[in-house]
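Peer 1:
There are 2 protein chains.
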Amino acid sequence: MKEEYVCNFSCPTDLKYIQDTLYVISGKWKVLIIVSLSSGHKRYREIAKSIPNITFRMLSKELKELEMNKLVTRTVHNETPVLIEYEITEYCKTLWPMLSEMISWAKHHRTVI
Amino acid sequence: MKEEYVCNFSCPTDLKYIQDTLYVISGKWKVLIIVSLSSGHKRYREIAKSIPNITFRMLSKELKELEMNKLVTRTVHNETPVLIEYEITEYCKTLWPMLSEMISWAKHHRTVI
DNA sequence: GATAGCGCTATACCTTAGTATACTGCACAC
DNA sequence: GTGTGCAGTATACTAAGGTATAGCGCTATC
Chain Y
1 MKEEYVCNFS
11 CPTDLKYIQD
21 TLYVISGKWK
31 VLIIVSLSSG
41 HKRYREIAKS
51 IPNITFRMLS
61 KELKELEMNK
71 LVTRTVHNET
81 PVLIEYEITE
91 YCKTLWPMLS
101 EMISWAKHHR
111 TVI
Chain D
1 MKEEYVCNFS
11 CPTDLKYIQD
21 TLYVISGKWK
31 VLIIVSLSSG
41 HKRYREIAKS
51 IPNITFRMLS
61 KELKELEMNK
71 LVTRTVHNET
81 PVLIEYEITE
91 YCKTLWPMLS
101 EMISWAKHHR
111 TVI
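Listed in order, the protein sequences are those of chains Y and D. full-length UniProt numbering puts the first residue of the first sequence at 1, with every later residue one more than the last. full-length UniProt numbering puts the first residue of the second sequence at 1, with every later residue one more than the last.
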């Protein structure tokens, strides 16, 4: 384990940052939606179908929050009928280092528990 | 951004790992408790006092979960009166790379939002 | 003109997470 | 023997997160 991770745990700002991050990605559906979008699904119904058991209510609620956090864009194409496309942003990819750490931690954790 | 973070988002196992990790550290109090223990608080009442508004119920519930995940140890010293000490484990420190990424992501995110 | 698909919203409900308050049993101090 | 601190537990409640179901307005297809 590298020493760069040694950090001042008593720093209340750091704590706040951790809580902020948790707030952005926690909830039952957020990561699932990001995954669905990452694998190319763009349209509302398409995303809904790709995520078993999600309801329309939850999907639109979570998409809105992801959009507010600039992790997802919503584009309205003025064709007829109107076509709406959701896409993950480039910015969303800045989550990767963190998600990657989560994956490797949990992988290791499985061997410990 | 380094390429080592490029990852197969459609991999369902990775998704499961992320959810596992979130499960371990999410909730209103877990990180606060880890912080309190990290800054040297060891005894139940002491921890409780250091975290504003936490109730005994939540504290004991969360400590149990943290103990189950081997992030915290509970030691009973058989003096009279009995003395109980909680401590974070060395293993808990393996969370640091991830928490560190969370902190830096949220720091950056503040500038974006 | 009935049915189906699109992109949702509305309402009501249920379940989980967290809160509030009281209480237990033990040891010590006054 | 009353009060204090320790380490909690028990019970009841509220709030937040999530579910279930129905429906809207639009367009296209049969």
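Glycine included, C-beta positions come from ideal geometry on N, C-alpha and C. Since we're looking at a predicted model, the values are computed, not measured.
Taking Cβ-Cβ distances shorter than 7 Å, what residues in chain Y pair up with D/TRP105?
Peer 2: Near D/TRP105 (Cβ distances below 7 Å), the residues of chain Y are THR21, THR94, LEU95, MET98.
Peer 1: Per DSSP, D/VAL35 forms a beta bridge with which residues?
Peer 2: Per DSSP, none; premise fails for D/VAL35.
Peer 1: Just to confirm, are Y/ILE103 and D/TYR17 a CB contact at a threshold of 9 Å?
Peer 2: When the beta-carbon positions are compared, Y/ILE103 and D/TYR17 come within less than 9 Å of each other.
Peer 1: Can you give the beta carbon distance from Y/ILE84 to Y/THR75, rounded, assuming they're within the 8 Å contact cut?
Peer 2: 7 Å
Peer 1: Which class does D/ILE84 belong to by DSSP, given the choice of helix, strand or coil?
Peer 2: strand
Peer 1: For D/ARG74, would you say it is in contact with chain Y, using Cβ-to-Cβ distances shorter than 9 Å as the test?
Peer 2: Not an interface residue.
Peer 1: Ends of the alpha helix (DSSP H) at D/HIS41?
Peer 2: Unbroken run through D/HIS41: none, as it is neither H nor E.
Peer 1: Let me see if you follow: with CB-CB separation under 9 Å, is Y/VAL82 close to chain D or not?
Peer 2: False, the Cβ-Cβ gap to chain D never drops below 9 Å.
Peer 1: Going along chain D in order, which residues have a C-beta closer than 8 Å to the C-beta of Y/ILE18?
Peer 2: Near Y/ILE18 (Cβ distances below 8 Å), the residues of chain D are VAL31, LEU99, MET102, ILE103, ALA106.
Peer 1: For Y/VAL72, which beta-bridge partners are listed by DSSP?
Peer 2: Y/ILE88
Peer 1: Grab the span of the alpha helix (DSSP H) containing Y/SER100 for me, first residue to last.
Peer 2: 96 to 112
Peer 1: Considering only the alpha carbon of each residue, which of Y/LEU95, Y/PRO81, Y/THR111, Y/ILE54 lies closest to Y/THR21?
Peer 2: Y/LEU95
Peer 1: Does the CB of Y/LEU63 have a neighbour CB from chain D at under 9 Å?
Peer 2: no
Peer 1: May I have the straight-line CA-CA distance separating D/CYS7 from Y/LYS93, to the nearest angstrom?
Peer 2: Unreliable positioning characterises D/CYS7 in this predicted model, as indicated by a pLDDT of 49, which lies under 50. A coordinate reading is not provided.
Peer 1: Have a look at Y/HIS109 and D/SER26 and give me their C-alpha separation to the nearest angstrom.
Peer 2: 16 Å
Peer 1: Compare the C-alpha of D/HIS77 against each of D/ASN69, D/LYS30, D/TYR86, D/GLU67 and name the closest.
Peer 2: D/TYR86
Peer 1: Can you tell me whether D/GLU79 is buried or exposed, with buried defined as 16 or more other CB within 10 angstroms of its CB?
Peer 2: It is exposed - the Cβ of D/GLU79 has fewer than 16 other Cβ atoms within 10 Å.
Peer 1: With 9 Å as the threshold, decide whether the Cβ of D/ASN53 is near any Cβ in chain Y.
Peer 2: Among the CB atoms of chain Y, none fall inside 9 Å of the CB of D/ASN53.
Peer 1: Hey, how far is the Cα of D/LYS42 from the Cα of D/GLU65?
Peer 2: The straight-line gap separating the alpha-carbon atoms of D/LYS42 and D/GLU65 is approximately 17 Å.
Peer 1: Specify whether the stretch 28 to 35 of chain D and the stretch 44 to 54 of chain D touch according to this definition: at least 3 beta carbon pairs, one from each stretch, less than 8 Å apart.
Peer 2: Yes, they touch.
Peer 1: Can you list, in chain order, the residues of its chain with a C-beta nearer than 7 Å to that of Y/VAL82? Leave out the 5 residues immediately preceding and following it.
Peer 2: VAL76
Peer 1: With distances taken Cα to Cα, identify the nearest neighbour of Y/PRO12 among D/SER38, D/ARG45, D/THR13, D/MET98.
Peer 2: D/SER38
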